[in-house]
Amino acid sequence: MALLEVTGLTGGYGVTDVLHDVSFSVEQGGITTILGANGAGKTSVLRALCGMLRVSGGTIQFASDKLNGRATESIVRLGIGHVPDGRGTFLNLTTEENLRVGAMTRKDKAGISEDFKRVYGYFPRLQERRHQQAGTLSGGEQQMLAISRALMLRPRLLLLDEPSFGLAPLVVQDIFRIMRTINDEQKVAILLVEQNASLALELADSAYLLETGRVVMSGPARELREAESVRRSYLGY
Amino acid sequence: MEAFLHQVFSGLANGAIYASLALALVMIYQSTHHINFAQGEMAMFSTYLAWAMINAGIPYWMAFALTVIASFFIGLTIERVIVRRVADAPVLTLVVVFIALLVILNSITGWIFTYTIKVFPSPFPEQPLFGPYVSSHEAGVVGVSLIVLLLLFLFFRFTSLGLAMRATAENAVSSRLSGIRVGWMLALGWGLAASIGAIAGMMVAPIVYLDPNMMSGILLYGIAAALMGGIDNPFGAVVGGLIVGVLENLMGAYVVGTELKLTVALMLIIGVLIFKPTGLFGRSFVTRV
Chain F
1 MALLEVTGLT
11 GGYGVTDVLH
21 DVSFSVEQGG
31 ITTILGANGA
41 GKTSVLRALC
51 GMLRVSGGTI
61 QFASDKLNGR
71 ATESIVRLGI
81 GHVPDGRGTF
91 LNLTTEENLR
101 VGAMTRKDKA
111 GISEDFKRVY
121 GYFPRLQERR
131 HQQAGTLSGG
141 EQQMLAISRA
151 LMLRPRLLLL
161 DEPSFGLAPL
171 VVQDIFRIMR
181 TINDEQKVAI
191 LLVEQNASLA
201 LELADSAYLL
211 ETGRVVMSGP
221 ARELREAESV
231 RRSYLGY
Chain Y
238 MEAFLHQVFS
248 GLANGAIYAS
258 LALALVMIYQ
268 STHHINFAQG
278 EMAMFSTYLA
288 WAMINAGIPY
298 WMAFALTVIA
308 SFFIGLTIER
318 VIVRRVADAP
328 VLTLVVVFIA
338 LLVILNSITG
348 WIFTYTIKVF
358 PSPFPEQPLF
368 GPYVSSHEAG
378 VVGVSLIVLL
388 LLFLFFRFTS
398 LGLAMRATAE
408 NAVSSRLSGI
418 RVGWMLALGW
428 GLAASIGAIA
438 GMMVAPIVYL
448 DPNMMSGILL
458 YGIAAALMGG
468 IDNPFGAVVG
478 GLIVGVLENL
488 MGAYVVGTEL
498 KLTVALMLII
508 GVLIFKPTGL
518 FGRSFVTRV
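Okay, structure coming up:
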């Protein structure tokens, strides 16, 4: 059974729907990617999952819980770590405090300090800067921090909103490599929303292509990578 | 010289009170960008509670503690029941709600306790303890304010609830995404602000006497202090409070006379807003596009 099963999701902002009958799933421990151009509705999908978008139709099933109509805080507490677009860094808090905020819902002290070690292991740069104000971190470091903050929740599912956005290619590779590690080691399922289709298709097992709020193509990532139309429009060769 | 020193010290004592009230304002402003005009009247109402308890024979410090706790729950309730519902309303709606709260609290207090001016006791001895320039009450006010500041600092710096409240004040969306119950954090902020205000009220009442309008002037000084320090900066609020207190006293004694003291505060407010809207320590907001 899939960990996340979204069926016929319709919703939007105000009276305008931006998502129309979107269905997709993320397997337990799997990586699913949603591709699409700017404005295709990728970020809106993630917002809808976390109760930050008006949902007018469809169901969002996460393990045994239905997420429709729940408050963001409660959804997160079920084990969904959301790395939002713009990274959502607490600029005035230190790096370490940012991570402590990520672990706010947990009570297991030993587990938390274990996870501190783990994320510092993934991103040694964050450890070096742990007492620094997060606002002084570079874009790449803030992205690492955002991912780490979400990991501190010990999520079962990690939602990533364009982690490559605005970053240097080397940093992006680094981050994608670590996402692979996280998925392997911790069995965290990942839902990745990306514009950078070639990277995303390399990482993911299954992929969905979103255009103006509708799923226009879906299948195993390998198949989409080879599909003529995807190659032309999104991979550029 | 002695008179001057005396003015400075009593300015610092007043300033400590303004600083507390400014801190209460800043606490709410930081997380919601609301300036709670009813902060003063909430403090005044709390002070009446303390007065009623003391009159009923409860020892001063016991009444003090009970008042701080009761005020916390009053603040919390006001946020949950009233402010919550208009949180996303236009600014003018909020201003009207806060002013309505102010008037409602004022008249309810007058109705319950009458408008007759009452004497409110000071917990500190009448004999000056620290030399001739400082009355014990003034020294006590400064001491109590310092303790409050220290406790707040420790709370926000070292507890995880304090961290959650700081996170909420800075970025509510990210806080929600970390599972923090943002609504409760805002309510807690109101509770804490009400408690701090209550302490300010109990400290100022022996000086200005207790009546339903006692805080109207103090609130103006508090707003001046908060603006001067930078409305989003707790440290600035405290420094601003002390500056306003001393300035007000010295101007009153040597320059404009006591009748125009409040005018000084108002001129400060206008001056800061025109020439340095971010205050002495405020951050100017830079948005990356």
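Those protein sequence lines, which keep their order, are chains F and Y.
Counting from 1, one number per residue, gives the positions in the first sequence under this note's numbering.
Counting from 238, one number per residue, gives the positions in the second sequence under this note's numbering.
Note that beta-carbon positions come from the ideal geometry of N, C-alpha and C, so glycine has one too.
Let me check understanding here. Comparing Cα to Cα, which of the options lies closest to residue i?
i: Met104/F; options: Arg403/Y, Ile341/Y, Ala462/Y; result: Arg403/Y
i: Trp348/Y; options: Ile480/Y, Tyr255/Y, Pro449/Y; result: Pro449/Y
i: Asp85/F; options: Ile75/F, Glu185/F, Val193/F; result: Val193/F
i: Ser23/F; options: Leu46/F, Gly51/F, Ala37/F, Gly58/F; result: Gly58/F
i: Leu454/Y; options: Ala240/Y, Phe274/Y, Val245/Y; result: The sequence given here places Gly at residue 454/Y; Leu does not occur at that position. It is Phe274/Y whose Cα lies nearest to the Cα of Gly454/Y.
i: Ala302/Y; options: Leu286/Y, Glu316/Y, Arg317/Y, Leu313/Y; result: Leu286/Y
i: Arg118/F; options: Pro163/F, Thr136/F, Leu99/F, Arg106/F; result: Leu99/F
i: Met527/Y; options: Ile291/Y, Ser308/Y, Trp298/Y; result: Outside the shown range of chain Y, which is 238 to 526, sits residue 527/Y, and nothing can be said about it.
i: Ile291/Y; options: Arg321/Y, Ala474/Y, Phe357/Y; result: Phe357/Y
i: Asn38/F; options: Val6/F, Phe165/F, Glu114/F; result: Phe165/F
i: Asp325/Y; options: Gly312/Y, Gly420/Y, Leu339/Y, Gly380/Y; result: Gly420/Y
i: Leu210/F; options: Arg129/F, Tyr234/F, Val15/F; result: Tyr234/F
i: Tyr458/Y; options: Phe310/Y, Ala435/Y, Val501/Y, His271/Y; result: Val501/Y
i: Arg154/F; options: Glu128/F, Ser206/F, Asn183/F, Ser218/F; result: Asn183/F
i: Leu360/Y; options: Ile480/Y, Gly368/Y, His374/Y; result: Note that residue 360/Y is Pro in the sequence shown here, rather than Leu. Taking only the C-alpha atoms, the option nearest Pro360/Y is His374/Y.
i: Ile507/Y; options: Ala490/Y, Val475/Y, Ala463/Y, Leu479/Y; result: Ala463/Y
To the nearest angstrom, how far is the alpha carbon of residue i from that of residue j?
i: Ala134/F; j: Lys42/F; result: 27 Å
i: Lys355/Y; j: Val493/Y; result: 29 Å
i: Phe90/F; j: Leu260/Y; result: 22 Å
i: Gly11/F; j: Tyr255/Y; result: 49 Å
i: Asn486/Y; j: Ser247/Y; result: 8 Å
i: Gly294/Y; j: Ala300/Y; result: 9 Å
i: Val215/F; j: Val83/F; result: 22 Å
i: Val445/Y; j: Leu145/F; result: 52 Å
i: Asp108/F; j: Thr396/Y; result: 16 Å
i: Ala110/F; j: Val245/Y; result: 52 Å
i: Val523/Y; j: Leu387/Y; result: Any reading at Val523/Y must be qualified, since the residue scores a pLDDT of 48, below 50, and its modelled position is unreliable; the value itself is stated next. Roughly 31 Å between the two C-alpha positions.
i: Ile417/Y; j: Ser25/F; result: 27 Å
i: Ile315/Y; j: Leu398/Y; result: 21 Å
i: Phe390/Y; j: Pro471/Y; result: 10 Å
i: Arg525/Y; j: Ala442/Y; result: Because Arg525/Y carries a pLDDT of 44, less than 50, the predicted location of this residue cannot be relied on, and the following value inherits that uncertainty. Distance between the alpha carbons of Arg525/Y and Ala442/Y is about 47 Å.
i: Gly69/F; j: Leu423/Y; result: 22 Å
i: Ser56/F; j: Met452/Y; result: 49 Å
i: Ser44/F; j: Arg321/Y; result: 26 Å
i: Leu201/F; j: Arg225/F; result: 6 Å
i: Pro296/Y; j: Tyr122/F; result: 58 Å
i: Phe518/Y; j: Trp298/Y; result: 35 Å
i: Val483/Y; j: Ala250/Y; result: 9 Å
i: Gly527/Y; j: Val371/Y; result: Beyond the ends of chain Y as shown, which are 238 and 526, falls residue 527/Y; an answer cannot be given.
What residues of chain Y sit near residue i, judged by a beta carbon separation below 7 Å?
i: His82/F; result: Leu414
i: Arg222/F; result: None at all; the shortest Cβ gap to chain Y is about 32 Å.
i: Met104/F; result: Ser397, Ala401, Ser415, Gly416, Ile417
i: Arg129/F; result: None at all; the shortest Cβ gap to chain Y is about 18 Å.
Tell me which residue opens and which closes the alpha helix (DSSP H) that residue i is part of.
i: Asp21/F; result: No alpha helix (DSSP H) contains Asp21/F, which is instead part of the beta strand (DSSP E) from 16-26.
i: Asp115/F; result: 109-122
i: Val371/Y; result: It is not in any alpha helix (DSSP H) - Val371/Y carries neither H nor E in the DSSP assignment.
i: Ile354/Y; result: Per DSSP, Ile354/Y belongs to no alpha helix (DSSP H) and is neither H nor E.
i: Ala461/Y; result: 452-466
i: Ile190/F; result: Here Ile190/F belongs to no alpha helix (DSSP H); instead the beta strand (DSSP E) covers 189-194.
i: Asp184/F; result: 169-186
i: Ser138/F; result: Segment: none, Ser138/F is in no alpha helix (DSSP H) and carries neither H nor E.
i: Ser218/F; result: From DSSP, Ser218/F is part of no alpha helix (DSSP H) but of the beta strand (DSSP E) over 214-220.
8 Å is my cut-off, CB to CB: does residue i come that close to chain B?
i: Arg403/Y; result: Although the question refers to chain B, the structure presented lacks it and instead comprises the protein chains F and Y.
Please return the same chain residues whose Cβ sits closer than 7 Å to the Cβ of residue i, not counting the five positions on each side in sequence.
i: Gly426/Y; result: Met264, Ile265, Ser268, Met402
i: Lys187/F; result: Gly29
i: Met439/Y; result: Thr284, Ala287, Phe301, Thr304
For a contact defined as C-beta to C-beta under 9 Å, what are the partners of residue i on chain F?
i: Val410/Y; result: Met52, Thr72, Pro84, Gly88
Just curious, the beta strand (DSSP E) that residue i is in, first and last residue?
i: His82/F; result: 80-83
i: Ile272/Y; result: Unbroken run through Ile272/Y: none, as it is neither H nor E.
i: Thr7/F; result: 4-13
i: Gln61/F; result: 54-62
i: Tyr208/F; result: 206-211
i: Pro155/F; result: It is not in any beta strand (DSSP E) - Pro155/F carries neither H nor E in the DSSP assignment.
Identify the contact partners of residue i in chain F, using a Cβ-Cβ distance below 7 Å as the criterion.
i: Leu400/Y; result: Glu97, Arg100, Val101
i: Ala418/Y; result: The question names Ala, but residue 418/Y in the sequence shown is Arg. What Arg418/Y touches in chain F: Glu73.
Please list the partners that residue i has in chain F, where partner means a Cβ-to-Cβ separation under 8 Å.
i: Glu407/Y; result: Phe90, Leu91, Asn92, Leu93
For residue i, collect the residues of the same chain with a Cβ closer than 6 Å to its Cβ; drop the 5 residues on either side in sequence, then sort them by chain order.
i: Ser382/Y; result: Ala253, Ser257
i: Leu159/F; result: Leu46, His82, Leu191
i: Glu27/F; result: Ala2
May I ask you to check if the CB of residue i is nearer than 7 Å to at least one heavy atom of the ligand SAM?
i: Thr351/Y; result: Judged by which ligands are present, the structure shown has none, so any question about the ligand SAM falls away.
List, in order along the chain, the chain Y residues whose C-beta lies closer than 8 Å to that of residue i?
i: Val76/F; result: Arg413, Leu414, Ser415, Gly416
i: Leu153/F; result: Ser415, Gly416
Can you give me the Cβ contacts of residue i inside the same chain, cut-off strictly under 8 Å, excluding the 5 residues immediately before and after it?
i: Ile342/Y; result: Looking at the sequence provided, one finds Leu at residue 342/Y rather than Ile. The residues are Ala275, Glu278, Met279, Met281, Phe282.
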